[in-house]
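Student: First residue of the sequence shown? That's 1 in the UniProt record's numbering, and the numbers climb one at a time after it.
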Amino acid sequence: MKGISTLENCRIGVATTDGKSYFQFVKALKFLKLEYDSIIPEEIDGYSGNIILTTEAESPKSASRPILYQEILKEDPTVIQGIIIEKLDSGLNPSDLVIGIDPGMRIGISVIYLGKEIERGLYTSTEELADHVAKILGGLKAERKIVKIGNGNMQVAKQITTLLNLKFCSHFELEFVDERKTTKKIKNYNKRGERDMMSAKFITQRQGYRHFVLPLSRTG
Numbered sequence: 001m002k003g004i005s006t007l008e009n010c011r012i013g014v015a016t017t018d019g020k021s022y023f024q025f026v027k028a029l030k031f032l033k034l035e036y037d038s039i040i041p042e043e044i045d046g047y048s049g050n051i052i053l054t055t056e057a058e059s060p061k062s063a064s065r066p067i068l069y070q071e072i073l074k075e076d077p078t079v080i081q082g083i084i085i086e087k088l089d090s091g092l093n094p095s096d097l098v099i100g101i102d103p104g105m106r107i108g109i110s111v112i113y114l115g116k117e118i119e120r121g122l123y124t125s126t127e128e129l130a131d132h133v134a135k136i137l138g139g140l141k142a143e144r145k146i147v148k149i150g151n152g153n154m155q156v157a158k159q160i161t162t163l164l165n166l167k168f169c170s171h172f173e174l175e176f177v178d179e180r181k182t183t184k185k186i187k188n189y190n191k192r193g194e195r196d197m198m199s200a201k202f203i204t205q206r207q208g209y210r211h212f213v214l215p216l217s218r219t220g
């Protein structure tokens, strides 16, 4: 996963006196390259930042800022970032989760949630990619969950689709997108990995043939 600056201007307060919980919150935020303020639970009401991370035991009954508890730490880092964005969302953005995938020897991925890119990454294993995408599809709420896969390598694209159908036990929309129109946009990216990731981002913005993928429990 590559860091995305979606939350770079977000002020996050870590409000707990529990050492273990504090360490876990901070570790997750550092991994996501997110800045944070260390405060004590008694300062939650007066905190001027955007969102607060604390434990349920230390949380006030009401607060002027959105609060998230340590249970989010069980989630994939991309899901954690998405949940924070969801808490801060104004409600004006479409409730969509769009995952763009550029299949090949190196598989680029771009994840757009509530109109914001929350991940741009690179994978070499279809199995690892499918595991990761399944966690994102299952961990984030959205009225529409759309996976868009470039058609440049249909063998890999179909492998990914099959694995997702096995690993994600719900329905999602699938599109195979024409990759040819993304080539000119990424010609100035010299590093192969950068090109794959940028291609995945452009794939999220294109339309392809769409159909629903149903879980095997409903089709088998």
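A virtual CB, placed ideally from N, CA and C, is assigned to each residue, including glycine.
With distance defined between alpha-carbon atoms, name the residue in Ile39, Met105, Val111 and Glu143 nearest to alanine 157.
Tutor: Of Ile39, Met105, Val111 and Glu143, the residue nearest in Cα terms is Met105.
Student: Can you give the Cα-Cα distance for residue 226 and asparagine 151, rounded to whole angstroms?
Tutor: The question about residue 226 has no answer here: the residues shown for the chain are numbered 1 through 220.
Student: Using three-state DSSP, classify glutamine 205 as helix, strand or coil.
Tutor: DSSP places glutamine 205 in coil when its eight states are reduced to three.
Student: Is isoleucine 51 near cysteine 10, with beta carbons less than 8 Å apart?
Tutor: Contact flag set, yes.
Student: Rounded to a whole number of angstroms, what is the C-alpha to C-alpha distance between isoleucine 136 and threonine 124?
Tutor: The straight-line gap from Cα to Cα measures roughly 18 Å.
Student: Which first and last residues belong to the beta strand (DSSP E) in which isoleucine 112 is found?
Tutor: Unbroken beta strand (DSSP E) run through isoleucine 112: 107–113.
Student: Please name the residue or residues paired with phenylalanine 31 in a DSSP beta bridge.
Tutor: In the DSSP output, where bridge partners are listed per residue, phenylalanine 31 has none listed.
Student: Report buried or exposed for aspartate 102, applying the criterion of at least 16 other Cβ atoms within 10 angstroms of its Cβ.
Tutor: With 16 or more other Cβ atoms within 10 Å, it is buried.
Student: Classify arginine 195: buried if its beta carbon has 16 or more other beta carbons within 10 angstroms, exposed otherwise.
Tutor: Buried is the call here.
Student: On the DSSP bridge assignment, give the partners of tyrosine 123 in chain order.
Tutor: Tyrosine 123 pairs with Ile107.
Student: Over the uninterrupted beta strand (DSSP E) stretch that includes residue 224, give me the two end residues.
Tutor: Outside the modelled stretch of the chain, which goes from 1 to 220, sits residue 224, for which no answer is possible.
Student: Secondary structure at isoleucine 118, three-state DSSP: helix, strand or coil?
Tutor: Strand at isoleucine 118.
Student: Check aspartate 96 in the structure and name its three-state DSSP category.
Tutor: It is a strand residue.
Student: Could you check what DSSP says for leucine 129 in three-state terms: helix, strand or coil?
Tutor: Three-state result, leucine 129: helix.
Student: Less than 8 Å between the C-beta atoms of glutamate 80 and alanine 28, yes or no?
Tutor: Sequence check: residue 80 is isoleucine here, not glutamate. The answer is yes: Cβ separation under 8 Å.
Student: In whole angstroms, give me the CA-to-CA distance for lysine 61 and serine 95.
Tutor: Whole-angstrom Cα-Cα distance: 28 Å.
Student: Going by Cα to Cα distance, which pick from Val14, Phe25, Lys33 and Ser21 is closest to glutamate 8?
Tutor: Per the Cα distances, Lys33.
Student: Would you give the residue range spanned by the alpha helix (DSSP H) that glycine 13 belongs to?
Tutor: Looking at the DSSP string, glycine 13 is not in any alpha helix (DSSP H); the run it does join, the beta strand (DSSP E), is 12–15.
Student: Taking 7 Å as the limit between beta carbons, can you name the residues of its chain near lysine 167, skipping five residues before and five after?
Tutor: Same-chain partners within the cutoff: Ala130, Asp131 and Ala134.
Student: Let me know the secondary structure DSSP gives glycine 91 once reduced to three states.
Tutor: If DSSP states are grouped into helix, strand and coil, glycine 91 belongs with coil.
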